[in-house]
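Q: In terms of UniProt numbering, the sequence shown is residues 1 to 382.
For each residue, glycine too, the CB sits at the ideal point set by N, CA and C.
Predicted, not measured: the structure shown is a model, and the values here were computed from it.
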Amino acid sequence: MKILHTSDWHLGRILHGIHLTEDQAYILDQFIALVQDTKPDAILIAGDVFDRSVPPTEAVNLLDEVVSKILMDLEIPIIMIAGNHDSPDRLGFGYRLLESRGLNISGKLRMDRKPVVLYDAYGPVYFHAIPYAEPAMVKEHFSDERISGHDDAMGRIIQHIQKNKIQNSRNVLLAHAFVAGGVESESERPLSVGGSTAVSTDYFKDFNYVALGHLHKPQRAGAEHIRYSGSLMKYSFSEADHTKTVNFIEMDETGNIRLEYTSLKPKRDLRCVEGYLQDLLARGEMDENKADYLKVTLLDEGAILDAIGKLRKVYPNVLHIERPQLTAASQLVGADRDFKKMNELHLFSSFLSQVTEREITEEQQKAFQQVIDHYYRMIREE
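1. Would you call the region 253 to 263 in contact with the region 273 to 283, where contact means no fewer than 3 C-beta pairs closer than 8 Å?
2. Which ranges would you report for the alpha helix (DSSP H) in the region 185 to 242 if only whole runs of at least 4 residues count?
3. Within the same chain, show all residues whose beta-carbon is closer than 7 Å to that of Val115, passing over the 5 residues directly before and after it, in chain order.
4. Using the Cα positions of Asn208 and Thr201, report the straight-line distance between them to the nearest angstrom.
5. Assign Ala329 to one of three DSSP states: helix, strand, or coil.
6. So, is Lys234 buried or exposed, given that buried needs 16 or more other C-beta atoms within 10 angstroms?
7. How many Å lie between Gly302 and Asp241 at the Cα?
8. Give the DSSP-derived three-state secondary structure of Arg156 in the structure shown.
9. Using 8 Å as the Cβ pair cut-off and three pairs as the minimum, do the region 96 to 114 and the region 59 to 72 touch?
10. Following the continuous beta strand (DSSP E) through Leu281, name the residue where it begins and the one where it ends.
11. Starting from Pro124, trace the beta strand (DSSP E) in both directions and tell me its first and last residue.
12. Who are the Cβ neighbours of Glu274 in its own chain at under 6 Å, not counting the five residues just before and after it?
13. Does Glu22 come out as helix, strand or coil in the three-state DSSP assignment?
14. What does the alpha-carbon distance come out to for the pair Gly182 and Ala175?
15. Run through DSSP, which three-state label would Ile43 get?
16. Looking only at its own chain, which residues have a Cβ that is under 6 Å from the Cβ of Trp9, when we skip the five neighbours before and after it?
17. If you draw a straight line from the alpha carbon of Pro131 to that of Asn289, how long is it in whole angstroms?
18. So the candidates are Gln325, Ala223 and Glu363; which of them puts its Cα closest to the Cα of Leu299?
19. Whose CA, out of Ile147, Ser106 and Ser143, lies closest to the CA of Pro135?
20. Distance, Cα to Cα, Glu145 vs Phe248?
21. Beta carbon of Lys295, beta carbon of Leu311: below 8 Å?
22. DSSP on Arg271, reduced to helix/strand/coil?
23. Please report the Cβ distance between Leu91 and Gly107, rounded to the nearest whole angstrom; I am assuming they are in contact, meaning their Cβ atoms lie under 8 Å.
24. Since Ala177 and His225 are thought to touch, with beta carbons under 8 Å apart, how far apart are those beta carbons, to the nearest angstrom?
25. Which same chain residues, not among the five before or five after Gly83, have their C-beta less than 6 Å away from its C-beta?
26. Find out if the Cβ-Cβ distance for the pair Ile379, Leu345 is shorter than 8 Å.
27. What did DSSP end up calling Ile161 once you bin it into helix, strand or coil?
28. What does a CB cutoff of less than 7 Å around Ile157 pick up in its chain, not counting 5 residues either side in sequence?
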C-alpha cells in the first residue's frame with residue numbers, strides 16, 4: 001500500500017501581518033501534482049489543517065478546493081484529524097457529503113469510531129485516527145480519574161485501540177501530539193499551559209507506521225516508523241533551516257515499510273540574512289530570490305534612518321530587522337550616561353554621532369547652539 005503523510009498546513013496563517021493564503025495555494029498545487037505522480041492509496045493529514053479555530057473564508061475555500069480535487073478528480077481517500085489549532089466541529093462541518101467519496105475526518109475524540117479500512121493486493125490495512133484531545137476530555141470520556149496529563153491520556157487511548165486490534169493485521173496510527181524527544185520550533189502553540197505535554201514513544205511500537213502532527217520539523221520520534229511529516233511551509237524564522245517534506249510510505253504484505261521524502265518548493269522562502277546595509281543592498285540587486293520573506297540582521301553600528309524602508313526598495317518582503325550592534329551600543333550608552341542630565345547640545349551631539357558615525361564639528365556645535373539660543377529668546381519674548 002502507498003501512503004502520503006502530511007500535516008500542519010495551518011491554512012489562514014498570518015506571518016508578521018502578511019496573509020499566506022496565496023503562498024499556501026501555490027505549494028498545495030505542488031502537493032496535488034505529487035499526488036497525481038505517486039498515486040497513493042491514501043492521504044493522511046495529521047492535524048492543524050487550519051491555523052485557528054475560526055479560519056478565514058479564503059482558507060476554508062482553499063481546503064475545499066484541494067479536498068475536492070483529490071477526492072473527485074483523483075479519487076484518492078483522505079484521512080484527516082483535528083489538531084490543537086483546529087475546531088473539531090468546524091473541521092468536520094460541511095464535509096459529510098464527501099464521506100461517500102472517501103473523506104474521513106476525526107474531529108472529536110470518539111472511542112466508538114471504528115478504524116478506517118482500506119485494501120490493497122494483500123488485504124486490509126487499518127487506520128486508527130486520534131484527533132487532539134485535552135487530557136480532561138479523555139479523563140471524562142473513560143471515567144478514569146488516574147488520567148492527569150497528556151501521557152496518561154495517550155496511553156489510555158492506545159490501550160483501547162490495542163484491545164480491539166485484529167491479530168496479525170497491518171495498522172497505521174494518526175495522532176497529533178508532542179512525542180518525547182521531539183525538536184520544537186517557535187511556531188508551535190503549546191499543547192497546554194504548565195505541566196508536561198510529552199507522550200512516550202513506547203505507545204506506538206506495535207503499529208506499522210505512525211503518522212504524527214504538531215511539530216513543524218520533519219523528524220522521526222524514536223523508531224524509524226514513528227514520524228512527523230513537519231509543516232507544509234515555514235511558519236517562523238526559527239524554521240528557516242528546515243527542509244519541508246511530504247512523507248511517502250510503501251507498505252508490503254507483512255507491514256514492513258519503505259520511506260521516501262519529497263520536498264516542496266515555496267513561492268517565497270523564509271530566510272535569515274545578515275550583513276551591513278550597503279552590502280545587502282548591493283547583493284540584493286543580483287539576488288534572484290529577493291522576494292523571499294526575510295529577517296535581516298544589520299551589523300552597522302550607527303543609527304540608520306528608515307533602514308527597513310531602504311531595504312524594502314530592494315527586498316520587498318523584509319518582515320523583521322534586528323540591530324544587535326545598535327542594541328549593544330545603546331545599552332552601553334545607557335549605562336554610562338544619564339540623558340536626563342544632558343543639555344540640548346550634548347543630546348544633539350550624541351544623536352548626530354550615531355547617525356553619521358562622526359563626531360560633531362565645532363562649526364556644527366556653534367550652528368546648533370545658535371538655534372537653541374534663538375528658540376529660548378522666542379519663548380522669553382512670548
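A: Taking the geometry as given:
1. no
2. none
3. It should be pointed out that residue 115 corresponds to Pro in this sequence rather than to Val. Once the five neighbours on either side are set aside, the close Cβ partners of Pro115 are Tyr126, Phe127 and His128.
4. 13 Å
5. Residue placement at Ala329 cannot be trusted, given a pLDDT of 49 that sits under 50; what the coordinates show is reported in the next sentence. Helix, per DSSP.
6. buried
7. 29 Å
8. helix
9. yes
10. Looking at the DSSP string, Leu281 is not in any beta strand (DSSP E); the run it does join, the alpha helix (DSSP H), is Leu277 to Gly284.
11. Gly123 to Ile130
12. Thr297
13. helix
14. 14 Å
15. strand
16. Val49 and Leu232
17. 38 Å
18. Gln325
19. Ile147
20. 39 Å
21. no
22. strand
23. 5 Å
24. Going by Cβ atoms, the distance from Ala177 to His225 rounds to 16 Å, so no, they are not a contact pair.
25. Gly47, Asp48, Tyr132, His176 and Gly213
26. no
27. helix
28. Ile130 and Val138
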